[in-house]
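Below: one structure, written as structure tokens.
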């Protein structure tokens, strides 16, 4: 599942980016909402968010764009609580009815505060995705998995997103443990940037999320080259 920043290269390119990612093997797309203080994101994604602001991209404009384009695969919106609450959850869910958005990731809304959001999603087909981190206890992992919808986001490092992460030796066991507990797919993310990493994590969970590598490629190499990169990461051309 690729992660890209909505409007990082201008909203006029978003439809082409989504279609190209899907055509080259993406089974869903995580679409980041630009934010001024993205506490979970590293410098590449932070830079893309700033570029989006230079293009006058807003959450409202992103939703308006999603209302008029079609994605071949489900879209998962990733953003911070401030963005969602400022937009208004009730209004957002109404506005999303005619889009391909099927999930929300809000990393700064912890398990204990999920009731701020879950009741509003009850009458929709939109899932609230739970994140499981390396610092989560086994008891907490169990709670997160039990309430999980859509898929479980297994965070692979302590810290922010970015290329060149060093993974701990026990990560394979950690991913396998979560996958064994979960009745829904488990996807590993943060720092994944090579075909070898994708293959490694796919042995222990159901899929991987690649973000910073693709965000940088879209900005520096363009849409077609990024499509080829996704095909390489997924093994679509093998």
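In my numbering, the protein residues as written are 5 to 242.
Think of the CB as a built atom: it goes at the ideal place given N, C-alpha and C, for glycine as much as any other residue.
Cβ-heavy atom distance, residue i to the ligand ZN, below 8 Å
| i | result |
| --- | --- |
| residue 152 | Among the components of this structure there are no ligands whatsoever, and the ligand ZN is therefore not found. |
Residue i and residue j closer than 9 Å at C-beta
| i | j | result |
| --- | --- | --- |
| residue 101 | residue 69 | no |
| residue 172 | residue 138 | yes |
| residue 154 | residue 133 | yes |
| residue 26 | residue 76 | yes |
| residue 218 | residue 79 | no |
| residue 212 | residue 82 | no |
| residue 91 | residue 43 | no |
| residue 28 | residue 226 | no |
Residue i versus residue j - alpha carbon distance
| i | j | result |
| --- | --- | --- |
| residue 210 | residue 143 | 22 Å |
| residue 156 | residue 180 | 13 Å |
| residue 222 | residue 13 | 8 Å |
| residue 103 | residue 88 | 17 Å |
| residue 63 | residue 37 | 7 Å |
| residue 162 | residue 129 | 31 Å |
| residue 123 | residue 241 | 43 Å |
| residue 93 | residue 203 | 37 Å |
| residue 152 | residue 117 | 14 Å |
| residue 278 | residue 121 | For residue 278 there is no data in the structure shown, the boundaries of the chain being 5 and 242. |
Residue i - containing alpha helix (DSSP H), residue span
| i | result |
| --- | --- |
| residue 224 | 216 to 224 |
| residue 151 | 142 to 151 |
| residue 26 | 18 to 27 |
| residue 4 | The displayed coordinates of the chain run from 5 to 242. Any statement about residue 4 would go beyond what the structure contains. |
| residue 133 | Counting along the chain, residue 133 falls outside any alpha helix (DSSP H), and DSSP gives it neither H nor E. |
| residue 212 | Note, residue 212: premise wrong, no alpha helix (DSSP H); beta strand (DSSP E) at 211 to 213. |
| residue 190 | Careful: residue 190 lies outside any alpha helix (DSSP H), inside the beta strand (DSSP E) at 190 to 193. |
| residue 93 | 93 to 99 |
Interface flag, residue i vs chain D, CB-CB below 9 Å
| i | result |
| --- | --- |
| residue 172 | Of the chains in the structure shown, none is chain D; there is only one protein chain. |
With 16 other Cβ atoms within 10 Å as the buried cut-off, status of residue i
| i | result |
| --- | --- |
| residue 98 | exposed |
| residue 74 | exposed |
| residue 114 | exposed |
| residue 255 | The first residue shown for the chain is 5 and the last is 242, placing residue 255 beyond what the model contains. |
| residue 95 | exposed |
| residue 150 | exposed |
| residue 106 | buried |
| residue 126 | exposed |
Element boundaries [beta strand (DSSP E), containing residue i]
| i | result |
| --- | --- |
| residue 326 | Residue 326 is absent from the structure shown; the chain starts at 5 and stops at 242. |
| residue 108 | 105 to 109 |
When the options are compared against residue i, the one with the closest alpha-carbon
| i | options | result |
| --- | --- | --- |
| residue 237 | 91, 31 and 65 | 31 |
| residue 200 | 174, 125, 239 and 59 | 239 |
| residue 54 | 34, 193, 10 and 109 | 10 |
| residue 190 | 208, 198, 175 and 196 | 208 |
| residue 66 | 86, 17 and 112 | 17 |
| residue 193 | 21, 71 and 34 | 34 |
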